[in-house]
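One structure is given here, and the rest of the page talks about it.
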Amino acid sequence: MHSFAQYPHYPGIKPKTIVLGNDHDRTTSKIFRQTLSAAFTAHDFTVENNFPFRGGDITRYYGHQPNITAIQIELRYDQYIDQRPFREEVLTQYQTDLFRKAQDRLRFLRDFLKQLR
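If you count by my numbering, then the sequence shown holds residues 1246 to 1362, one letter each, in order.
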């Protein structure tokens, strides 16, 4: 899991709350990405797939290995720590209630992933 504040190079586009990156269906199956996307949508997240993030180096490196599936889940900052300056490396403060709400909203993900075993 990773997080972001905005879409770099696309200032006029309002970012979705979740961006899933699987190198355009090369590090997971298309079905897996679509199923995960639908699960997030069912839990009131807005989802973008492979735009503007297609998965980082780790996702692409390991996801192209035999028998390994990798997807990067990007959560927009304001969903769990409120607004934060872009490129601020150290989190100096956060809203406890917002952070706990995000934990509750993401709890479904643990159950979703357990079903894959």
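Backbone N, C-alpha and C define an ideal beta-carbon position, used for all residues, glycine too. All figures in this text were calculated on a predicted structure; none of them were measured in a lab.
Would residue i pass as a contact of residue j if the rule is Cβ separation under 8 Å?
{"i": "L1265", "j": "I1313", "result": "no"}
{"i": "T1272", "j": "G1301", "result": "no"}
{"i": "F1353", "j": "H1288", "result": "yes"}
{"i": "L1343", "j": "D1327", "result": "yes"}
{"i": "I1316", "j": "L1281", "result": "yes"}
{"i": "T1262", "j": "F1298", "result": "no"}
{"i": "A1347", "j": "Y1325", "result": "yes"}
Let me know the secondary structure DSSP gives residue i once reduced to three states.
{"i": "I1263", "result": "strand"}
{"i": "L1320", "result": "strand"}
Starting from the C-beta of residue i, find all residues in its chain whose C-beta is less than 7 Å away, skip the five residues before and the five after it, and write them out in chain order.
{"i": "R1350", "result": "H1288"}
{"i": "I1303", "result": "none"}
{"i": "D1270", "result": "R1278"}
What runs of the beta strand (DSSP E), each 3 residues or longer, lie entirely inside the segment 1249-1316? 1263-1266, 1292-1294
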